[in-house]
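According to mature numbering (1 follows the signal peptide of the UniProt record, and there is no 0), the stretch in the sequence shown is residues -29 to -1, 1 to 185, in order.
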Amino acid sequence: MKMFELKHQPYFLFLLFLAVGLFSCSVQSMRFDLQPGVARCFAENMKNYLMTFGNYSIVNPKENQTLTVRVTSQGGTASHHLAEHVQSGQFSFVAHESGDFLACIWGDETHDPQVLSIDFEWKTGVNAKDWPKIAKKSNIDRMALEVQILHETALSIKDEMSYLLQRNTEMLEVNWRTDSGMLLFIFVSFFVTFIVAGLQLWNLKSFFKKNKIL
């Protein structure tokens, strides 16, 4: 095993640097202000079987300051998380359908009109996994962890490419149907126009003959 690592050390270093580059763009938490009684929503496009994790909290909350948080699939057809009158919480689930998922945060109305400062974090895919905990549970070294992360990232990229290709195919089919419909509409329009023009010519010819002009 040691000989294998020494022999392929440049390759593993390349993978390590690649992993650092990939994960340097991981999703970070955001902070925003929220008025009591006002909702703010965030949308995330996810594909089927993708893992997601979210974390939210009020910064330095008072006793009467609470939130209501709800996470739903596109169109609100399925609810994946609902927490009412809380100061912090988490949600995690695996998407069972592709599309946009919506996370809405309400500032509960109270007698205190003070603006709430909210910390919100939403990760999907490989970024949603807690790799340090996985490393502790698996008892694997740092290099093996980076390789595992790269493997998961490659699978995620492959799934994302497959999803994009599927969406591209669907869009091409929609464009083809639209173009076919427009072509048929143009043909029918020309056909109707020629028929109307022919009827007008026939009517004018009949009128001129009737009045002995021709």
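No residue lacks a Cβ here, since even glycine has one placed at the ideal position from N, Cα and C. Just so we're clear, the structure is a prediction, and the values are computed from it rather than from any experiment.
_Whole angstroms are fine: how far does the CA of Trp93 sit from the CA of Ala125?_
Rounded to the nearest angstrom, the two C-alpha atoms are 21 Å apart.
*asked:* Quick check on DSSP: helix, strand or coil for Gly(-9)?
replied: For Gly(-9), the predicted model reports a pLDDT of 46, less than 50, meaning its position is unreliable and no value from the coordinates is stated.
_Limits of the beta strand (DSSP E) - the one that Ser28 falls within_ = 22 to 29
*Compute the Euclidean distance between the alpha carbons of Asp71 and Ser44, then round it to the nearest angstrom.*
Rounded to the nearest angstrom, the two C-alpha atoms are 6 Å apart.
*Count the other CB atoms, across all protein chains shown, that sit within 10 Å of the CB of Ile89; report buried if there are 16 or more and exposed otherwise.*
buried
*asked:* Check this for me: beta carbons of Ile76 and Val30, under 8 Å apart or not?
replied: no
_Helix, strand or coil at Thr164 according to DSSP, with G and I counted as helix_ = helix
*Among Tyr20, Met17, Ser28, Met22, which has the Cα closest to the Cα of Asp4?*
Ser28
*Nearest CA to the CA of Ile128: which residue from Ala10, Cys12, Lys18?*
Lys18
_My output table needs one value for Thr48: the three-state DSSP class, helix, strand or coil._
In the three-state DSSP reduction, Thr48 falls in the coil class, being neither helix nor strand.
*Output the distance between the C-alpha atoms of Gly47 and Leu172, rounded to the nearest integer angstrom.*
59 Å
*Measure the alpha-carbon distance for Met51 versus Val145 and round it to whole angstroms.*
Rather than Met, the amino acid found at residue 51 in this sequence is His. Rounded to the nearest angstrom, the two C-alpha atoms are 31 Å apart.
*Just reading off the beta strand (DSSP E) that Ser69 is part of, what are its end residues?*
Careful: Ser69 lies outside any beta strand (DSSP E) and carries neither H nor E.
*asked:* According to DSSP, Ile89 sits in a beta bridge with which residue or residues?
replied: Phe3, Ile29
*Between Val9 and the rest of its own chain, which residues show a CB-CB distance below 7 Å, the 5 nearest in sequence each way excluded?*
Gly78
*List the whole-angstrom C-beta distance separating Val65 from Tyr20, where the pair is believed to meet the contact cut-off of C-beta under 8 Å.*
6 Å
*Excluding the five sequence neighbours on either side, which residues of its own chain have a C-beta within less than 8 Å of the C-beta of Asp83, listed in chain order?*
Pro7, Lys33, Asn35, Gln36
_Spatial neighbours of His56 in its chain, beta-carbon cut-off 8 Å, leaving aside the 5 residues before and after_ = Cβ neighbours of His56 beyond the five flanking positions: Thr37, Leu38, Thr39, Asp79.
*Under the DSSP definition of a beta bridge, which residues are partnered with Ser63?*
In DSSP, Ser63 forms a bridge with Phe24.
*Are the beta-carbon atoms of Met1 and Phe62 separated by less than 8 Å?*
At a Cβ-Cβ threshold of 8 Å, Met1 and Phe62 do not count as neighbours.
*Quick one: measure Cβ to Cβ for Phe13 and Ala74, integer angstroms, because I've assumed they're closer than 8 Å.*
5 Å
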